[in-house]
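Just so you know, the sequences run in chain order D and Z.
Under full-length UniProt numbering, the residue at position 103 of the first sequence is numbered 103, and the numbers go up by one with no gaps.
Under full-length UniProt numbering, the residue at position 282 of the second sequence is numbered 282, and the numbers go up by one with no gaps.
Idealized CB from N, CA, C, for every residue including glycine.
Quick caveat: nothing in here was measured; it's all calculated off a predicted structure.
There are 2 protein chains.
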Amino acid sequence: MSAHPRLSLNQATIKHASLQEALDVTAAAGYQAIGLWREPVAEVGLAEASARLADSGLRFTSLCRGGFFTMPEGPDRRASIDDNRRAIEETATLAAAGAPGSTAVLVLVAGGIPEGSTDLIGARSRVADALAELAPIAEAAGVQLSIEPLHPMYVSDRAVVSTLKQALDLAAPFAPEVVGVEVDTFHVWWDPEALDQIARAGREGRIASYQACDWKAPLPADVLLARHYPGDGAVDFASLTRAVEATGYDRDIEVELFNADIWAAPFAEVAERTAESFEAAVAPHLAAAPAPAVPVSPGV
Amino acid sequence: MSAHPRLSLNQATIKHASLQEALDVTAAAGYQAIGLWREPVAEVGLAEASARLADSGLRFTSLCRGGFFTMPEGPDRRASIDDNRRAIEETATLAAAGAPGSTAVLVLVAGGIPEGSTDLIGARSRVADALAELAPIAEAAGVQLSIEPLHPMYVSDRAVVSTLKQALDLAAPFAPEVVGVEVDTFHVWWDPEALDQIARAGREGRIASYQACDWKAPLPADVLLARHYPGDGAVDFASLTRAVEATGYDRDIEVELFNADIWAAPFAEVAERTAESFEAAVAPHLAAAPAPAVPVSPGV
């Protein structure tokens, strides 16, 4: 079994796997890297999770996720900021435990408009406030916060950060190694400014992570589960991947799929299919794709 | 029964009504204006539809819809252009038959990415090509084409025009009275640039039509039917309506609701509920809301 050397399996793709199962399946499928979620890490505890990650020999590419800090000041907001502080510590610990080349990236999903409110502009301003509070903590921990713009269909209930431009504007007051942005094809592919904003993100040194995921209509009844293997849908991975690579981005690339059918399939099969889809749809557009392992026949 | 003097009932809100039923229900509910769809007009024929519209005494605010011209050159594309040419003629005829103050606006929904393609950029460029072909025809007919940016969740299968900025960029080569844009709160409310682009649309004289419609999570299984009465969801009608009014926009405002529950309700009830929701959620933010009809009690 093999997988592209820059491919990282985001654990959400095999959502029902425990941490140990995820590490085992990922390594067995020939991956060199994995992106983790907080819940499976918490199940075994951070110290144990770090030890198991170290044992796996995998690089750590990101922790999902912090954020959800759009509520007004009060106890709920304080609890959210505290939780993000813990997520920053977890990210630093896991990145240190991962194999060399690990990246201490904490993915931030902003959160939606507070229940019963229509104040989208206010909710967005509170994202900026939260970043100002968390950035010094992240900097001290050597962690890069990665603001993830989510598709605009999630704006009311999940993420008021909807475009790469908006994420970059939010990141602008901070050093790029402290606050970067997530470029997830599923969330940004529709944007007429996607390529320009990827180039800008590159110029500003802010691409914390690139994620490859496809979009296909019609959407499922639960639009959270609308993510598909690269190549199965309408996303143009050529233009997006080339744009990211043109910035000099050289980190691992995650595939993170929320999809009921994929979640119902055996973990090993999903890991293999993910590697195959990445190889076919994304790898050809990488800046320095490794030469295929064609056996040389001497004398021919 | 009464409705705000600037409120227009888009016929899709009472989708299962015939043209005659729609005209009767709209007039009986005290509206002064209606937006029509091509199919119910075609059922009775354009001449008969125009006569009935004239009899109703209602203003005509727009015809839905033209567009769906993202396919490459060939017979399908020619058929689409021909169909749009007919839609332009229908718009001119209906606008002439409507009461004074009618607007000859043809709403354009661009169409999605052709089946099996991932060439979003190419599909978008073909929208520009189609506009170049249709604009002279519209101009000769005295019709304003109104490019409608649709919510990005419809980009792959319905409309590759996803933002107001993109619609305005597409409209830029043409005179504003020939090519304008649709501002539908449901489609644009999430956009961090919505207010700025509304202001720009105003400066450029391109707001062909303003439509008020709400957004609520979770989305229904069929995301086409996710539209709600103004005030029932997360849209901030205050900021959006004020931004539109600040441009000097003084045309009628349509409410167009695709929603299975609304479609299942009696037409008259829907017309009344639409007028009430508009009065509560939109009317207070209009530039020159008429004074409420409060009876004056002399001597008090």
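Per-residue DSSP class, three states only, for D:LEU131: Three-state DSSP puts D:LEU131 in a helix.
Would you give the residue range spanned by the alpha helix (DSSP H) that D:LEU46 belongs to? Per DSSP, D:LEU46 belongs to the alpha helix (DSSP H) from 46-56.
Which residues in chain D have a C-beta closer than 7 Å to the C-beta of Z:ASP196? List them in chain order. Neighbours of Z:ASP196 on chain D: none; closest Cβ ~12 Å, over 7 Å.
DSSP beta-bridge partners for D:ALA33? D:ALA33 has D:SER8, D:ARG59 as its beta-bridge partners, per DSSP.
Counting only beta-carbon atoms, is D:ASP119 nearer than 8 Å to chain Z? Interface flag for D:ASP119 against chain Z is set, since a Cβ pair is found closer than 8 Å.
Own chain, CB closer than 7 Å to Z:VAL109, minus 5 neighbours either side, in chain order: Scanning its chain for C-beta atoms nearer than 7 Å, with the 5 sequence neighbours on each side dropped, one finds around Z:VAL109 the residues ARG65, GLY67, PHE68, GLU148, LEU150, ARG158, ALA159, in chain order.
Nonlocal neighbours in the same chain, by C-beta distance under 8 Å from D:THR247, ignoring five residues either side: Excluding sequence neighbours, D:THR247 sits near ILE198, ALA199, ALA201, GLY202, ARG203, ILE207.
Residue-level contact to chain D via CB, Z:ILE137, 8 Å cutoff: The beta carbon of Z:ILE137 does not come within 8 Å of any beta carbon belonging to chain D, so the residue lies off that interface.
So, using beta-carbon positions, are D:GLY87 and D:ALA95 closer together than 8 Å? The sequence shown places Ala at residue 87 of chain D, rather than the Gly named in the question. Pairing D:ALA87 with D:ALA95 gives a Cβ-Cβ distance that is not under 8 Å.
Mind checking the region 158-178 of chain D against chain Z and listing, in chain order, the residues whose C-beta falls within less than 9 Å of any C-beta there? Near chain Z, meaning a CB-to-CB distance below 9 Å, the residues of the region 158-178 of chain D are ARG158, VAL160, VAL161, SER162, THR163, LYS165, GLN166, ASP169.
Is D:ASP82 close to chain Z? Criterion is C-beta to C-beta, closer than 8 Å. So, not an interface residue.
Whether Z:SER286 touches Z:GLU245 by CB criterion (8 Å): Sequence inspection shows Leu at residue 286 of chain Z; the Ser mentioned does not correspond to that position. Their beta carbons are under 8 Å apart, which means Z:LEU286 touches Z:GLU245 by this criterion.
Pull up the distance between the alpha-carbon of Z:PRO192 and that of Z:GLY45, whole angstroms please. Taking the straight line joining both Cα atoms gives about 43 Å.
Would you please verify whether the beta carbon of D:ASP252 is less than 8 Å from any beta carbon of chain Z? No, D:ASP252 does not count as interfacial toward chain Z.
Report the partner residues of D:ARG227 according to the DSSP bridge assignment. According to DSSP, D:ARG227 bridges with D:TRP215.
Partners in chain D for Z:ASP129, counting only beta-carbon separations shorter than 9 Å: What Z:ASP129 touches in chain D, judged by beta-carbon distance under 9 Å, is nothing: the nearest beta carbon there is about 16 Å away.
When we look at the beta-carbon of D:PRO75 and count the other beta-carbons within 10 Å, is it buried (16 or more) or exposed? Here D:PRO75 is exposed. Its C-beta has fewer than 16 other C-beta atoms within 10 Å.
Could you give the distance in angstroms between the alpha-carbon of Z:VAL179 and the alpha-carbon of Z:PRO173? Their Cα atoms are separated by approximately 9 Å.
Indicate the three-state DSSP secondary structure (helix, strand or coil) for D:ASP222 in the structure shown. D:ASP222: coil per DSSP, three-state reduction.
Our contact map puts D:VAL41 next to D:PHE267 with C-beta atoms below 8 Å; I'd like the distance itself, whole angstroms only. The beta-carbon distance between D:VAL41 and D:PHE267, rounded to whole angstroms, is 17 Å. This is too long to meet the 8 Å contact definition.
Who are the Cβ neighbours of residue 303 of chain Z in its own chain at under 8 Å, not counting the five residues just before and after it? The question about residue 303 of chain Z has no answer here: the residues shown for chain Z are numbered 1 through 300.
Curious, which full-length beta strand (DSSP E) runs of at least 3 residues does the region 81-145 of chain D contain? Within the region 81-145 of chain D, the complete beta strand (DSSP E) runs of at least 3 residues are 105-109.
Does the ligand ATP have even one heavy atom less than 7 Å from the beta-carbon of D:PHE237? Here there are no bound small molecules, and the ligand ATP is not part of this structure.
Indicate the three-state DSSP secondary structure (helix, strand or coil) for Z:GLU272 in the structure shown. Three-state DSSP puts Z:GLU272 in a helix.
Just to confirm before moving on: does the CB-CB distance between D:ALA28 and D:PHE258 stay below 8 Å? It is not a contact, given that the beta carbons lie outside the stated cut-off.
With distances taken from CA atoms, which of D:ASP250, D:PRO152, D:GLY231, D:GLU254 is nearest D:ALA280? D:ALA280 has its Cα closest to that of D:GLY231, out of D:ASP250, D:PRO152, D:GLY231, D:GLU254.
Sort D:GLU182, D:ALA265, D:GLU276 by Cα distance to D:THR61 and report the nearest one. Among D:GLU182, D:ALA265, D:GLU276, the Cα nearest to that of D:THR61 is on D:GLU182.
Out of D:LEU145, D:ASN84, D:ASP236, D:ALA238, which one is the CA nearest neighbour of D:SER209? Ranking D:LEU145, D:ASN84, D:ASP236, D:ALA238 by Cα distance to D:SER209 puts D:LEU145 first.
Should Z:ALA141 and Z:GLU177 be called a contact, given that it needs their Cβ atoms to be closer than 8 Å? No, the Cβ-Cβ distance between Z:ALA141 and Z:GLU177 is not below 8 Å.
Give the interface partners of D:ASP184 over in chain Z, defined as CB-CB distance under 9 Å, in chain order. Going along chain Z, no residue has its Cβ under 9 Å from D:ASP184, so there is no contact; the nearest lies around 14 Å.
Taking 8 Å as the CB-CB limit, is Z:VAL244 close to chain D? Z:VAL244 does not count as touching chain D.
Comparing C-alpha positions only, which one of D:ILE262, D:MET71, D:ALA79, D:PRO5 sits nearest to D:PRO124? According to the sequence provided, residue 124 of chain D is Arg. The question's Pro does not apply to it. Shortest Cα-Cα distance from D:ARG124 to any of D:ILE262, D:MET71, D:ALA79, D:PRO5 involves D:MET71.
To the nearest angstrom, how far is the alpha carbon of Z:TRP263 from that of D:PRO136? C-alpha separation (whole angstroms): 53 Å.
Show which residues of chain D have a CB atom less than 9 Å away from the CB atom of Z:HIS151. Going along chain D in sequence order, the residues near Z:HIS151 (Cβ under 9 Å) are PRO152, MET153.
Can you check which of these residues, Z:VAL282, Z:PRO284, Z:ALA271, Z:ALA288, is closest to Z:GLY30 by C-alpha distance? Nearest option by C-alpha distance: Z:ALA271.
Please state if the CB of D:ARG59 and the CB of D:ALA33 are separated by a distance shorter than 8 Å. Contact: yes.
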